[in-house]
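A.B. asks: Structure in structure tokens, see below.
2 protein chains.
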Amino acid sequence: MTAHMTATAAEILETPAAPEKEQPVRDRAQTQARIFQAGRALLAEGGFRAFGVNAVARKAGCDKQLIYRYFGGLDGLVDAIGEDLAGWVTQHVPEDQGGRFLLTYGDLMERLAELYGDALRADPLMRRILVWELSESSPHIARMADARAKGIAQWIERMRGSLTPPKGGDTVALNAVVIAAVQQLVLAAETSGSFAGLPLKSQKEWARAVGAVARMARAAYV
Amino acid sequence: MTAHMTATAAEILETPAAPEKEQPVRDRAQTQARIFQAGRALLAEGGFRAFGVNAVARKAGCDKQLIYRYFGGLDGLVDAIGEDLAGWVTQHVPEDQGGRFLLTYGDLMERLAELYGDALRADPLMRRILVWELSESSPHIARMADARAKGIAQWIERMRGSLTPPKGGDTVALNAVVIAAVQQLVLAAETSGSFAGLPLKSQKEWARAVGAVARMARAAYV
DNA sequence: CGGCCTAATCACCATCGAGTGACTTTGCCG
DNA sequence: CGGCAAAGTCACTCGATGGTGATTAGGCCG
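As you go down the protein sequences, you meet chains A and B in turn. To convert a position in the first sequence, counted from 1, into this note's numbering, add 13. To convert a position in the second sequence, counted from 1, into this note's numbering, add 13.
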């Protein structure tokens with residue numbers, strides 16, 4: 014609720030969560046980081062259902078009161094986690110060409126689909142947050158979604174280089190569709206292991222899905 | 014948990030939820046239907062977060078004990094709702110051609126995307142359940158997802174008539190991608206009102222999104 | 001050494017959730 | 001009319017939750 018005590022994500026992450034000492038006692042920054050990481054872990058493992066003051070405190074191995082003191086409550090903690098994830102796209106979706114030439118705008122989008130999918134599949138926390146976004150709307154969540162949208166836009170901006178988008182195509186909409194498909198498939202893969210009859214468990218199966226997305230992307234961009 | 018008392022969805026729906034009498038007292042079928050509808054409504058309105066024995070009983074205007082008696086608990090109620098939704102695709106996604114000719118397989122998929130999107134946008138309950146599917150995996154939920162996948166497959170089967178799928182294309186994967194995109198966009202539209210920079214609030218904005226999906230579908234199927 | 005600021009914990013509250021057993025009411029049928 | 005099974009309600013336990021005020025414990029500095 015109140016944010017007067019809230020520490021920025023950057024401050025917290027300076028201390029690298031210190032796995033060396035279990036209870037270094039009396040180190041505020043350390044404790045703060047422990048709470049922060051506990052929150053992340055809890056969210057990543059159990060989703061927002063398992064996410065609560067008591068649970069976080071238990072996992073962090075400290076009193077829940079400290080969550081209120083250092084983060085101004087659960088909301089503050091969520092904000093901190095969200096802030097930390099603001100630059101997620103730029104941090105987790107690489108900007109290389111994987112040794113291949115991106116000749117058309119379609120190639121570019123194909124590559125984005127591939128990389129975005131991989132990044133998402135490697136990050137349980139982000140997946141949980143995406144589901145969270147779908148299940149309720151709140152200020153924090155909206156901000157995260159916005160940041161991600163901007164990140165994707167920037168990625169495209171930087172990656173496309175001299176490639177020009179197709180003349181008649183509605184690139185914003187087409188991009189959104191590609192990203193949407195990838196996202197839904199990744200999320201569905203986790204819980205149900207398949208989507209609309211398409212199995213999505215093994216790496217090979219995932220490759221098949223990505224292939225389909227790629228085909229559509231390339232085809233759509235003239 | 015136990016299912017010995019569980020009534021089938023069909024049985025329940027025979028009684029059309031009787032909005033005429035508020036408290037018809039002492040009518041088991043009626044009460045059962047009230048509980049059933051309360052569960053549906055609660056799920057549709059508040060999602061699975063607001064879904065619980067107490068809440069359902071409150072909404073149904075009866076004692077929660079009856080939920081245990083008539084449905085064998087919350088799980089049983091969920092099962093009943095799920096059963097009722099088993100034929101959702103066939104019931105809610107129409108099988109007409111909207112007065113237009115489906116000349117290619119791509120046209121067919123375009124039409125499916127359109128109709129599936131509309132059906133989903135008109136059904137809050139189904140949307141909630143889709144999100145639910147993404148946030149946890151349970152037997153009920155898996156069954157519902159399977160039923161939906163089958164429904165979609167049947168829809169295509171019946172609609173395609175003499176149209177033949179493209180030779181080289183992986184239709185299963187391509188279809189899954191199209192459906193995935195639509196689904197993700199609909200779900201995102203509800204909570205955040207946009208997706209990856211594409212606004213999704215008004216009907217016009219939605220049409221834009223559908224247009225993009227359609228373009229990709231048509232392009233992908235040769 | 002002693003005080004003091006602060007990290008951290010303890011003890012507690014109200015509330016809500018699932019779940020259960022005992023109870024009361026009602027309609028029906030002999 | 002009497003009883004009996006079914007429909008429905010009540011009252012409670014138990015555990016977990018979010019949230020708060022008072023209290024303890026520890027390091028640092030004069």
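Just so it is clear, CB atoms sit at the ideal spot from N, CA and C, and this is done for glycine as well.
Helix, strand or coil for Pro212 of chain A per DSSP?
C.D. replies: If DSSP states are grouped into helix, strand and coil, Pro212 of chain A belongs with the strands.
A.B. asks: Under three-state DSSP, which class holds Ser207 of chain B?
C.D. replies: Looking at Ser207 of chain B - three-state DSSP - the assignment turns out to be strand.
A.B. asks: Can you list, in chain order, the stretches of the beta strand (DSSP E) that have 3 or more residues and sit fully within the stretch 65 to 110 of chain A?
C.D. replies: Those beta strand (DSSP E) runs which fall completely within the stretch 65 to 110 of chain A and span 3+ residues do not exist here.
A.B. asks: Looking only at its own chain, which residues have a Cβ that is under 7 angstroms from the Cβ of Trp101 of chain A, when we skip the five neighbours before and after it?
C.D. replies: Same-chain partners within the cutoff: Met139, Arg161 and Gly164.
A.B. asks: What in chain B is Cβ-close to Asp136 of chain A, meaning under 9 angstroms?
C.D. replies: Chain B residues near Asp136 of chain A: none, gap ~15 angstroms exceeds 9 angstroms.
A.B. asks: Closer than 8 angstroms by C-beta to Pro212 of chain B: which residues in its own chain qualify, once you throw out the five before and the five after it? Chain order, please.
C.D. replies: Around Pro212 of chain B: Gly206 and Glu218.
A.B. asks: For Leu236 of chain B, which residues in the same chain have their Cβ closer than 6 angstroms to its Cβ, ignoring the five residues on either side in sequence?
C.D. replies: In this structure chain B extends from 14 to 235, so residue 236 of chain B is not present and cannot be described.
A.B. asks: Does the pairing of the stretch 127 to 134 of chain A with the stretch 74 to 92 of chain A give three or more beta-carbon distances under 8 angstroms?
C.D. replies: The stretch 127 to 134 of chain A vs the stretch 74 to 92 of chain A: no contact.
A.B. asks: Evaluate Asp76 of chain B with the Cβ neighbour count: other Cβ atoms within 10 Å of its Cβ, from every protein chain shown; 16 or more gives buried, anything less gives exposed.
C.D. replies: Exposed, by the Cβ-count rule.
A.B. asks: Give me, in chain order, the residues of the same chain whose beta-carbon lies closer than 6 angstroms to that of Val191 of chain A; leave out the 5 immediate sequence neighbours on both sides.
C.D. replies: Cβ within range, chain order: Met122, Ala126 and Ala230.
A.B. asks: Express the C-alpha separation of Val106 of chain B and Val135 of chain B in angstroms, rounding to a whole number.
C.D. replies: It should be pointed out that residue 135 of chain B corresponds to Ala in this sequence rather than to Val. Going by the C-alpha atoms only, they are around 11 angstroms apart.
A.B. asks: Determine the burial state of Asp92 of chain A: buried for a count of at least 16 other Cβ atoms within 10 Å of its Cβ, exposed for fewer.
C.D. replies: With 16 or more Cβ atoms within 10 Å of its Cβ, Asp92 of chain A is classed as buried.
A.B. asks: Please tell me whether Ile165 of chain B has its Cβ less than 7 angstroms away from any Cβ of chain A.
C.D. replies: Interface residue, yes.
A.B. asks: Decide if Glu96 of chain A is buried, meaning its Cβ has at least 16 other Cβ atoms within 10 Å, or exposed.
C.D. replies: Answer is buried; the Cβ neighbour count reaches 16.
A.B. asks: Specify the secondary structure class of Trp219 of chain A as computed by DSSP and reduced to three states.
C.D. replies: Three-state DSSP puts Trp219 of chain A in a helix.
A.B. asks: Considering only the beta carbon of each residue, do Ala193 of chain B and Leu198 of chain A sit closer than 7 angstroms?
C.D. replies: Yes, Cβ-Cβ distance for Ala193 of chain B and Leu198 of chain A is below 7 angstroms.
A.B. asks: Run through DSSP, which three-state label would Pro178 of chain B get?
C.D. replies: In the structure shown, Pro178 of chain B sits in coil (DSSP, three-state: anything other than H, G, I, E or B).
A.B. asks: Should Arg47 of chain A be labelled buried (16 or more other beta-carbon atoms within 10 Å of its own) or exposed?
C.D. replies: Counting Cβ neighbours within 10 Å, Arg47 of chain A comes out buried, since at least 16 surround it.
A.B. asks: Nearest by alpha-carbon distance to Asp159 of chain B: which of B:Leu143, B:Ala209, B:Glu170 and B:Gly74 is it?
C.D. replies: Ranking B:Leu143, B:Ala209, B:Glu170 and B:Gly74 by Cα distance to Asp159 of chain B puts B:Leu143 first.
A.B. asks: Between Phe208 of chain A and chain B, is any beta-carbon pair separated by less than 7 angstroms?
C.D. replies: It does: the Cβ of Phe208 of chain A has a partner Cβ on chain B nearer than 7 angstroms.
A.B. asks: Run through DSSP, which three-state label would Leu116 of chain A get?
C.D. replies: Note: Leu116 of chain A maps to coil in three-state DSSP.
A.B. asks: Return the chain-ordered list of same chain residues with a C-beta closer than 8 angstroms to the C-beta of Thr44 of chain B, the five sequence neighbours on each side being excluded.
C.D. replies: These residues qualify, in order along the chain: Ala73, Cys75, Leu79 and Tyr83.
A.B. asks: Of the choices A:Arg221, A:Ala42, A:Phe64 and A:Arg173, whose alpha-carbon is the least far from that of Gly119 of chain A?
C.D. replies: Answer by Cα proximity: A:Arg173.
A.B. asks: Report the rounded CA-to-CA distance for Phe49 of chain A versus Ser150 of chain B, giving the unit in angstroms.
C.D. replies: Using only the alpha carbons, I get a separation of about 27 angstroms.
A.B. asks: Is there at least one Cβ from chain A nearer than 7 angstroms to Ser150 of chain B's Cβ?
C.D. replies: Answer yes: the Cβ-Cβ gap between Ser150 of chain B and chain A drops below 7 angstroms somewhere.
A.B. asks: Of all the residues that make up the stretch 217 to 229 of chain A, which are near chain B by a beta-carbon distance shorter than 8 angstroms?
C.D. replies: Answer in chain order: Arg221, Ala222, Gly224, Ala225, Val226, Arg228 and Met229.
A.B. asks: In whole angstroms, what is the alpha-carbon distance linking Val223 of chain A and Leu200 of chain B?
C.D. replies: Cα to Cα, the separation comes out at about 21 angstroms.
A.B. asks: If you drop the 5 nearest sequence neighbours on each side, which residues of the same chain put their C-beta closer than 8 angstroms to that of Arg171 of chain A?
C.D. replies: Glu108, listed in sequence order.
A.B. asks: Should Ala220 of chain A go down as buried or exposed, given a rule of 16 or more other Cβ atoms within 10 Å for buried?
C.D. replies: By the 10 Å Cβ count, Ala220 of chain A comes out exposed.
A.B. asks: Let me know if Ala227 of chain B comes out buried or exposed under the rule of 16 or more other beta-carbons within 10 Å of its beta-carbon.
C.D. replies: Buried is the call here.
A.B. asks: For Arg53 of chain B, which residues of its own chain have a beta-carbon under 7 angstroms away from its beta-carbon, when the five flanking residues on both sides are left out?
C.D. replies: So the qualifying residues of the chain are Ile94 and Leu138.
A.B. asks: Quick one: is Val185 of chain A near chain B, going by C-beta distance under 7 angstroms?
C.D. replies: Cβ-Cβ to chain B under 7 angstroms: yes for Val185 of chain A.
A.B. asks: Can you tell which of A:Leu116, A:Arg39 and A:Gly60 has the C-alpha that lies nearest to the C-alpha of Pro179 of chain A?
C.D. replies: Ranking A:Leu116, A:Arg39 and A:Gly60 by Cα distance to Pro179 of chain A puts A:Leu116 first.
A.B. asks: Is it the case that the Cβ atoms of Leu55 of chain A and Val38 of chain A are separated by a distance below 7 angstroms?
C.D. replies: Their beta carbons are not under 7 angstroms apart, which means Leu55 of chain A does not touch Val38 of chain A by this criterion.
A.B. asks: For Gln110 of chain B, go through chain A and note every residue whose CB falls closer than 7 angstroms to its CB, in chain order.
C.D. replies: Simply none; closest approach about 22 angstroms.
A.B. asks: Straight-line CA distance for Tyr81 of chain B to Gln196 of chain B?
C.D. replies: If you take the alpha carbons of Tyr81 of chain B and Gln196 of chain B, they lie about 34 angstroms apart.
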